[in-house]
Each structure stands twice: as C-alpha cells, then as structure tokens.
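If you're matching them up, the sequences are chains A and B in order. Residue 371 is where the first sequence starts when you use the numbering used here, and the numbers rise one by one after that. Residue 371 is where the second sequence starts when you use the numbering used here, and the numbers rise one by one after that. First up is the structure itself, then whatever we jot down about it.
Protein chains: 2
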Amino acid sequence: MGGGAACRDLCRPCQPLRSAASEKDAVSPWAGLPGVLLLLPGEGSEILAVLITRSTRNTPRGRLQGHTCGVVGGKGVSSTRAFGGTVFLLHLLGDPWHSPAPAVGFLTGERMASSGSQTKTRGNHSGHFVQPANPNVATMPEDVLYHLSLSTSTHDLPAMFGDVKFVCVGGSPTRMEAFAKYMAKELGLDHPGAEYPNICAGTDRYAMFKVGPVLSVSHGIGIPSTSVMLHEVIKLLYHARCSDVTVIRIGTSGGIGLEPGSVVVTQQAVDASFSPMFEQMVLGKRVVQRTDLDQELAKELMQCATDLPEFPTVLAKTMCTSDFYEGQGRLDGALCSYTEKDKQDYLRAAHAAGIRNIEMESSVLAAMCSACGIPVAVVCVTLLNRLDGDQVSSPHDVLVKYQQRPQRLVSHFIKKRLAATGTLKA
Amino acid sequence: MGGGAACRDLCRPCQPLRSAASEKDAVSPWAGLPGVLLLLPGEGSEILAVLITRSTRNTPRGRLQGHTCGVVGGKGVSSTRAFGGTVFLLHLLGDPWHSPAPAVGFLTGERMASSGSQTKTRGNHSGHFVQPANPNVATMPEDVLYHLSLSTSTHDLPAMFGDVKFVCVGGSPTRMEAFAKYMAKELGLDHPGAEYPNICAGTDRYAMFKVGPVLSVSHGIGIPSTSVMLHEVIKLLYHARCSDVTVIRIGTSGGIGLEPGSVVVTQQAVDASFSPMFEQMVLGKRVVQRTDLDQELAKELMQCATDLPEFPTVLAKTMCTSDFYEGQGRLDGALCSYTEKDKQDYLRAAHAAGIRNIEMESSVLAAMCSACGIPVAVVCVTLLNRLDGDQVSSPHDVLVKYQQRPQRLVSHFIKKRLAATGTLKA
Chain A
371 MGGGAACRDL
381 CRPCQPLRSA
391 ASEKDAVSPW
401 AGLPGVLLLL
411 PGEGSEILAV
421 LITRSTRNTP
431 RGRLQGHTCG
441 VVGGKGVSST
451 RAFGGTVFLL
461 HLLGDPWHSP
471 APAVGFLTGE
481 RMASSGSQTK
491 TRGNHSGHFV
501 QPANPNVATM
511 PEDVLYHLSL
521 STSTHDLPAM
531 FGDVKFVCVG
541 GSPTRMEAFA
551 KYMAKELGLD
561 HPGAEYPNIC
571 AGTDRYAMFK
581 VGPVLSVSHG
591 IGIPSTSVML
601 HEVIKLLYHA
611 RCSDVTVIRI
621 GTSGGIGLEP
631 GSVVVTQQAV
641 DASFSPMFEQ
651 MVLGKRVVQR
661 TDLDQELAKE
671 LMQCATDLPE
681 FPTVLAKTMC
691 TSDFYEGQGR
701 LDGALCSYTE
711 KDKQDYLRAA
721 HAAGIRNIEM
731 ESSVLAAMCS
741 ACGIPVAVVC
751 VTLLNRLDGD
761 QVSSPHDVLV
771 KYQQRPQRLV
781 SHFIKKRLAA
791 TGTLKA
Chain B
371 MGGGAACRDL
381 CRPCQPLRSA
391 ASEKDAVSPW
401 AGLPGVLLLL
411 PGEGSEILAV
421 LITRSTRNTP
431 RGRLQGHTCG
441 VVGGKGVSST
451 RAFGGTVFLL
461 HLLGDPWHSP
471 APAVGFLTGE
481 RMASSGSQTK
491 TRGNHSGHFV
501 QPANPNVATM
511 PEDVLYHLSL
521 STSTHDLPAM
531 FGDVKFVCVG
541 GSPTRMEAFA
551 KYMAKELGLD
561 HPGAEYPNIC
571 AGTDRYAMFK
581 VGPVLSVSHG
591 IGIPSTSVML
601 HEVIKLLYHA
611 RCSDVTVIRI
621 GTSGGIGLEP
631 GSVVVTQQAV
641 DASFSPMFEQ
651 MVLGKRVVQR
661 TDLDQELAKE
671 LMQCATDLPE
681 FPTVLAKTMC
691 TSDFYEGQGR
701 LDGALCSYTE
711 KDKQDYLRAA
721 HAAGIRNIEM
731 ESSVLAAMCS
741 ACGIPVAVVC
751 VTLLNRLDGD
761 QVSSPHDVLV
771 KYQQRPQRLV
781 SHFIKKRLAA
791 TGTLKA
C-alpha cells in the first residue's frame with residue numbers, strides 16, 4: 371500500500387488538465403507517448419491518474435473519465451478513454467480498485483484526436499458537454515443516427531435537443547410516452563393542446579419524446595438493443611451540444627427477497643457471476659469494462675425516496691443478464707437445464723452478494739455512460755419476488771401501478787434538481 | 371479415427387428410439403443412469419449417440435435432437451437435451467465435430483421427465499410436434515407468456531395457433547405486419563375486409579400477426595430480445611399443439627464484400643470470433659451451444675432463389691454480434707477504440723472465414739430452435755457493404771425495396787411447401 375499512498379499524495383489535488391491551459395498547451399505533454407499511467411481509485415466512477423512520460427517536465431495529472439479494468443485470460447484490456455479532454459487508446463494491466471498497489475496502464479498505439487473544444491471540467495456537474503469516446507464523430511461530414519431516424523444533415527439537432535438535461539430511458543415505448551406526459555404535468559408544461567409526438571416516428575426501433583429538459587427514450591429489451599440506442603443518443607446529445615446531462619433508466623425487474631412493487635436504486639450493476647463487469651466482443655476480442663454507477667446521483671435518488679415515503683425503496687446491487695429465462699434461473703422457459711434447488715441456491719447466493727433485483731440493461735448503461743463521463747443511474751421496480759416464483763402473473767392494473775413508482779421517484783428528483791438551479795418555478 | 375469409425379458402424383443405422391416402442395419400453399433402458407454417451411457427428415445439426423448404461427441389454431441408440439458442444443475454460447458444458455423423446459441433463463466432455471475420436475457425454479443428475487406423448491419422429495418433417503426442452507412446462511397449471519400478453523388460462527391457444535406451420539420473425543414490428551399482409555395476398559387469403567390485427571396488442575414488447583399457417587412475429591434488436599420472444603413462442607407452439615413447424619428469420623444485415631441489396635441464406639451462424647457457438651450464462655456459468663442451421667432447409671431456400679432470379683442470393687456464414695457499433699467494427703459509434711486499418715483487417719478476416727453478412731440475432735435462433743428440434747433458417751438482406759463504409763445512408767425507398775427481398779424469397783418457399791403438400795391450391 372506504500373506505493374499507492376505515495377502516488378495518491380503525488381497526484382492530489384487533481385487539477386483537470388485543460389482548466390487553465392489552451393488546448394495546445396494541454397496536449398503538448400503527451401508528445402512522449404507511449405507513456406505509463408499510474409492509476410488510483412477516485413471518487414465514484416473516476417480513476418485518478420498520473421501520466422509518466424519520457425519528459426518529466428510538465429507531468430500531467432488529472433482524472434480519467436470513465437474507466438476500464440479487469441484482466442481477462444491473463445491479457446490486458448484495451449479501451450478508448452478520455453483523459454484531460456483527449457481520447458487515448460488505453461491498455462490497462464491491473465485493476466485500481468482491487469490492486470494493493472496502484473495499477474499501471476499504458477497508453478499504447480497512436481494518440482487519438484483531441485475530443486474538441488467543447489469539453490469543460492465536470493466540477494459540480496457544471497458546463498460538462500456530452501462527449502463521445504470516439505474522435506471520429508467530430509470529423510464526420512454527416513452522421514446518420516439510423517435507428518433513431520435522425521441525421522445531422524436533415525435535422526437541426528442543437529435546436530431540437532440543445533436544452534436536454536435529463537435522458538430517461540426504459541424498455542417499453544408506451545411507458546416512455548406515458549412518462550413524457552406525466553413529466554409535462556409535473557413540470558407545468560401540460561397546457562391545453564400540448565402534444566408530445568414521437569420524435570423517432572420515422573422508425574419503429576425506438577420511440578423518443580421530449581418535454582422541456584427531459585428526453586424520454588425507449589430501449590427495447592436487453593443489452594444489444596440498449597447499446598444501439600445509447601450509441602446514437604450519446605452522439606445526438608453531442609451533436610446537439612448538450613451539457614450537464616444525467617441519464618436515468620426507469621425500468622422493471624425481478625426482485626430477490628423484496629416485496630413486489632419495491633423500487634431498487636442501483637448501487638452497482640453486476641453480471642450473472644455477481645461481478646461489476648460488462649463484457650463485450652470488440653473486433654473478435656473480449657473486452658471488459660466496469661459497471662459502477664454515479665454514487666452521488668444514487669444518493670440523491672435515495673434522498674428523494676426518503677422525501678416521498680410512498681413505497682419501499684432500497685439502494686442495492688442489480689444483476690444484469692442477457693436472457694430472461696435460463697439467464698435469470700427461471701424454471702418456466704422453453705429450455706431449462708437445472709432444478710428448483712439449483713435455482714434457489716443461485717438466487718440465494720445472489721441475495722447474499724447484495725443483489726436485490728435482476729434486469730437486462732443496467733450494465734451496458736453503466737459502462738457506456740461512464741466511459742463518456744455522463745452520470746448515470748438505474749431505478750427499477752420489482753414486479754415479483756423471484757424467491758417465490760418465476761411467472762409475472764399479477765393483475766395488469768397492479769403491474770401498471772408498480773411501473774409508475776420509478777417514474778414518480780425520478781420526476782421528484784428532476785423537479786428538485788431544476789428547483790435547485792432556479793430553472794423550475796415552484 | 372479408428373475408434374470413431376468403429377463406433378460409427380456400431381450405431382448405424384440409427385433407429386429413432388420411440389418409433390417402435392411404447393413410452394414405457396422406450397424409457398426403461400435409461401434406468402441405469404448416470405450413463406455414458408458416445409457421440410458422433412450426424413447429419414445437419416444432429417449428433418448420433420449411443421448410450422452405454424450399466425445394463426448392456428437393450429442399449430439404446432438414436433439421434434440426439436439439438437446439440438451442445440465446445441469446452442470453455444477446460445470445463446465441460448452442461449445442457450438439457452432431448453434424446454429419443456426424453457429430456458436429459460447432458461454433460462459433454464468433448465466436441466464430436468472436432469475430436470479425432472468420438473466425444474463422450476455423461477448424462478448426469480436425475481433423469482428429467484419424459485417430454486410427453488406428443489413427440490413423434492422427425493422423419494421427413496412429418497408429425498413432429500413442437501416440444502420445449504423443459505419438462506416443467508408440461509406440468510404448469512397456467513403459463514403466462516408475459517411478453518406476448520397471452521396465457522394458457524385466458525386464451526385458447528390450440529384454436530388460435532394450432533394450424534401454424536411457418537413462424538417468420540424479424541426485428542421490426544412494422545415490417546412483420548407488412549410481411550403478414552404480403553403473405554395474405556400471396557396465399558390468396560386477402561379477401562375484402564380481411565384484417566390481420568396484432569395478436570400481442572396487450573403489450574408493446576413484440577407484435578404478432580397470423581395469416582393462415584404463417585405466424586409473423588417481431589423480435590426487436592439483439593440476442594436477449596430475440597431469446598425472450600423465442601422462449602415464449604416455442605411454448606405457445608407447444609401449448610397450441612403445433613406440428614411440423616419451420617422457423618425463418620427474415621431480417622436486415624450488413625454485408626461483407628457483397629453488393630448492397632444481396633440476400634444471404636445463412637449456412638452457419640458464427641460469433642464475433644467466427645466460431646459456430648452461442649455462449650450464454652446459466653446460473654452464473656458459461657454455457658456454449660452450437661449454432662448450425664438446418665442444411666436441408668437452407669438448400670430449399672437456395673433453390674427458391676434460383677427459381678426467382680430477381681436479386682443476388684448467396685449461401686454463406688453469418689456473423690452474429692451483440693452490438694451494432696464496436697461489436698461490428700464500426701468507426702462511427704459513441705465509443706471506438708481502434709483504427710480504420712484494425713476494422714478492415716477484422717472484416718477481411720471475416721470474409722476469408724466465409725462470412726458474408728453481420729446481424730444480431732441468428733445465433734440464438736439457431737441454438738434455441740435446434741435444441742428444441744425445430745428446423746430453422748435465417749434469410750437476411752444486406753443494406754450496405756461494410757468494406758465500403760459503416761453508415762446506413764441509402765435513401766429510404768431503396769432500403770424498403772431491399773427489405774422486401776427476404777420476404778419475397780420466403781413467400782415463394784412457403785407457397786412451394788404448401789403446394790407440395792396439397793395445402794395451397796394453385
């Protein structure tokens with residue numbers, strides 16, 4: 371731990387690289403690449419990092435937006451990450467959260483393009499423009515957001531979306547439309563004749579509704595469907611020059627050991643092995659990212675739950691799976707290769723690991739948003755207690771009532787945030 | 371290879387276990403479980419298997435419907451599979467396709483329940499009832515197909531679906547509605563006033579339309595969304611007592627080295643590492659299944675393409691990924707961690723491996739349907755040539771025209787099949 375403490379001292383207080391320097395000054399220290407990064411766990415989903423280059427003059431230090439860690443099959447994990455406003459190909463050889471000593475990361479390959487002049491510091495969530503972790507996006511003459519049926523050449527995205535501060539996402543298009551209408555009422559924007567048409571009406575892949583600073587978007591079922599939407603919505607927010615955006619999933623889930631209708635604010639998204647990891651294949655290679663969520667945001671949401679003691683709400687781990695049946699240990703799918711006892715053992719082990727609900731999207735949301743430096747939360751209601759059964763068989767009206775609970779909580783959060791910045795008149 | 375050849379002789383000709391025996395007789399040889407299975411590659415997606423039990427009398431032999439193979443991290447792979455009409459927990463220790471000697475599989479754990487009296491032999495696709503690979507389904511007092519908004523207690527599934535012979539699936543609900551209307555015209559069922567309402571109108575997760583023997587169902591984007599639909603549709607077909615059902619995906623994809631608008635009939639679905647494998651997590655453990663498709667069905671579809679020489683059609687491997695952007699080597703997503711050269715190298719390696727298109731659902735379709743003994747095919751049009759770019763930017767009307775091509779091919783196939791059985795009058 372000695373090395374870690376020494377390095378921790380060295381890099382505190384962390385000055386965001388570009389806060390007091392022109393872009394040219396800010397990127398010049400990277401000239402000696404490839405370099406070595408010393409990495410330490412930061413607050414929330416950030417890594418404190420110190421870059422050691424061949425030139426010891428002007429050693430940059432700063433926060434690494436987003437993070438990637440974990441070792442798969444003994445090999446390091448490569449990923450693109452923004453550091454001090456510049457995007458690098460990062461190769462990590464350790465896990466700063468679990469290593470006794472600071473982990474080491476190499477910035478390998480060519481330095482990728484600067485992520486442009488819009489990036490500002492994130493201090494207090496003020497003035498942070500949405501930034502994809504892909505420098506190519508800035509140089510594309512046109513960007514067709516195919517699955518949203520929008521494009522930079524056919525739509526004025528800054529005019530349409532520039533004021534968005536909250537992106538709320540959920541599986542069902544109908545539910546996300548209902549949420550938009552509910553938010554219109556809550557924000558006092560529901561004047562007679564007001565309409566909230568589906569902005570993505572040119573496609574049936576996703577539905578999108580906008581009410582003042584709130585964008586309500588459906589993502590369908592599962593990680594791949596959610597990842598397609600997120601890639602395109604993050605680019606949309608970038609093209610629209612949105613700043614200080616918060617992403618919240620309001621969804622449904624199966625509970626573990628909770629009364630049906632309970633709401634879970636996700637503390638950490640974990641995979642089916644209970645690890646805070648999101649694994650995906652990139653160019654045929656396994657890449658793993660961490661799936662932490664914004665802890666401050668989760669605390670704020672839990673405070674909102676305390677403000678509104680209408681239904682039980684817990685802060686807990688959420689398990690994210692790629693299948694609803696075998697993948698969640700259900701006995702009632704078209705395929706099943708285990709017994710009731712196997713299932714109970716698995717669910718009880720999940721409960722012992724601090725998991726209180728299971729759904730199918732949280733990990734990709736956590737990984738992608740945090741890679742792009744966007745604060746993200748997951749708020750899901752539990753439709754059943756999986757220790758008691760597998761089938762979702764409550765009456766329709768009960769399920770509808772349950773599904774309104776995350777909406778109610780997130781609406782309260784949005785109004786509170788807007789009131790705090792003076793944007794919402796009481 | 372010597373052992374393999376000897377065993378191959380031993381178990382040929384394979385007699386389906388239950389063709390000449392009562393259910394009681396047929397299952398009695400399994401009494402000595404756990405036993406050992408010797409496994410050899412069979413035709414198409416089948417494994418020829420010989421069970422060695424403690425009793426050498428009455429050694430059963432037959433075809434293993436569906437299959438599971440591959441070794442992950444040095445550990446065997448467990449799965450439930452039907453053998454001779456009975457469902458077992460199978461633990462494979464080798465891969466009969468790639469082992470020089472016959473692979474060995476253990477039937478471990480308790481024998482699971484017989485899959486019921488509806489299973490008949492598949493000879494010539496005649497009289498084969500749809501059967502989930504899960505004995506629990508037969509004993510459930512009610513089965514709520516939650517994401518389809520259907521249930522065995524509220525809907526007369528045999529009356530609604532008993533005559534279904536073709537289940538056509540695709541991502542977009544609008545496209546699957548258009549396909550149903552097109553099939554109505556093609557089958558001469560489109561009389562004035564005929565309507566094809568969405569059978570799943572109680573939910574917005576999936577849309578389902580029925581036209582005579584054709585069921586047209588949307589599956590959304592990606593493996594998890596498709597797997598939820600498939601679990602519930604396979605159970606629906608079982609509850610409805612459907613027999614001789616063929617499943618065909620009619621979808622869109624990105625081509626590799628093909629003229630945009632070309633149609634690919636999938637010979638084999640492969641993963642992002644080009645392996646014919648579908649990997650999923652079951653009770654926190656990695657389980658791998660093969661992803662072969664029905665070769666006879668693929669040949670029939672290619673013959674239909676020859677009958678209708680309206681657009682280029684090829685029989686080739688299809689890569690199935692869990693992401694549209696990084697997962698398919700695109701440079702234009704919100705995240706990108708590689709260069710144009712990395713991407714080109716990857717796509718060219720895929721081309722060299724015989725892959726001609728990339729989509730996001732074929733592998734789970736292949737794995738799940740073949741596990742349940744349902745013949746399955748994948749027919750996708752390519753919307754662009756990925757060697758030339760990443761964005762889907764062709765005009766809307768061109769894309770619509772391309773998307774009709776798999777529908778045209780599959781309609782021809784369905785009419786030909788129905789004409790051959792005398793069901794469709796010319």
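Using N, Cα and C, we set each Cβ at its ideal position, and we do this for glycine too. Computed from a predicted structure; not experimentally measured.
Where residue i falls, given that 16 or more other Cβ within 10 Å makes a residue buried
i: aspartate 614(B); result: buried
i: leucine 754(B); result: buried
i: leucine 779(A); result: buried
i: alanine 529(A); result: exposed
i: alanine 704(A); result: buried
i: alanine 737(A); result: buried
i: serine 781(B); result: buried
i: proline 679(B); result: exposed
Partner residues on chain A for residue i, Cβ-Cβ distance less than 7 Å
i: proline 543(B); result: Asp574
i: glycine 590(B); result: Gly590, Ile591 and Ser595
i: methionine 730(B); result: Pro594
Within-8 Å CB hit, residue i to chain B
i: leucine 763(A); result: This sequence places serine at residue 763(A); leucine is not what is there. Yes, contact with chain B.
i: glutamine 650(A); result: yes
i: proline 502(A); result: yes
i: alanine 741(A); result: yes
i: alanine 318(A); result: With chain A represented from 371 up to 796, any question about residue 318(A) goes unanswered, as that position is not in the structure.
i: alanine 697(A); result: It should be noted that the sequence gives glycine, not alanine, for residue 697(A). So yes, glycine 697(A) belongs to the interface.
i: isoleucine 604(A); result: yes
i: tyrosine 772(A); result: no
Residue i and residue j closer than 8 Å at C-beta
i: alanine 577(A); j: methionine 553(A); result: no
i: arginine 656(A); j: glutamate 649(A); result: yes
i: glutamate 556(B); j: lysine 785(B); result: yes
i: histidine 750(A); j: glycine 592(A); result: It is cysteine, not histidine, that sits at residue 750(A) in the sequence shown. It is not a contact, given that the beta carbons lie outside the stated cut-off.
i: isoleucine 725(A); j: threonine 688(A); result: yes
i: proline 594(A); j: aspartate 693(B); result: yes
i: leucine 769(B); j: threonine 596(B); result: no
i: aspartate 702(A); j: aspartate 513(B); result: yes
Per-residue contacts from residue i into chain B (C-beta, under 7 Å)
i: methionine 349(A); result: In the structure as shown, chain A starts at 371 and stops at 796, and residue 349(A) therefore has no counterpart that could be examined.
9 Å Cβ cut-off: residues of chain A touching residue i
i: aspartate 693(B); result: Ile593, Pro594, Ser597, Val598, His601, Gln650, Met651, Val652 and Val734
Residue-level contact to chain A via CB, residue i, 8 Å cutoff
i: valine 552(B); result: It is worth fixing the name first, because residue 552(B) is tyrosine in this sequence and not valine. No, tyrosine 552(B) does not count as interfacial toward chain A.
i: tyrosine 516(B); result: yes
i: histidine 782(B); result: no
i: alanine 642(B); result: yes
i: phenylalanine 476(B); result: Low local confidence applies: a pLDDT of 40 at phenylalanine 476(B) is under 50, so the model's placement there is unreliable, with the coordinate-based value given in what follows. With 8 Å as the cut-off, phenylalanine 476(B) does not count as an interface residue toward chain A.
i: isoleucine 569(B); result: no
i: methionine 530(B); result: no
Contacts of residue i in chain A (Cβ-Cβ under 8 Å)
i: asparagine 506(B); result: Leu701, Asp702 and Cys706
i: aspartate 513(B); result: Asp702 and Gln761
i: methionine 738(B); result: Ala704 and Leu705
Chain B residues whose Cβ lies nearer than 8 Å to that of residue i
i: lysine 711(A); result: Under the 8 Å cutoff, chain B gives no residues; its nearest Cβ is about 11 Å from lysine 711(A).
i: tyrosine 716(A); result: Leu653 and Gly654
Residue i: first and last residue of the uninterrupted alpha helix (DSSP H) it sits in
i: cysteine 750(B); result: Per DSSP, cysteine 750(B) belongs to no alpha helix (DSSP H); it is in the beta strand (DSSP E), 746-755.
i: valine 581(A); result: Counting along the chain, valine 581(A) falls outside any alpha helix (DSSP H), though it belongs to the beta strand (DSSP E) covering 578-581.
i: phenylalanine 531(B); result: 527-531
i: arginine 718(A); result: 710-722
i: glutamine 773(B); result: 766-790
Bounding residues of the beta strand (DSSP E) (the contiguous stretch that carries residue i)
i: valine 633(B); result: 633-640
i: methionine 730(B); result: Counting along the chain, methionine 730(B) falls outside any beta strand (DSSP E), and DSSP gives it neither H nor E.
i: methionine 689(B); result: 683-690
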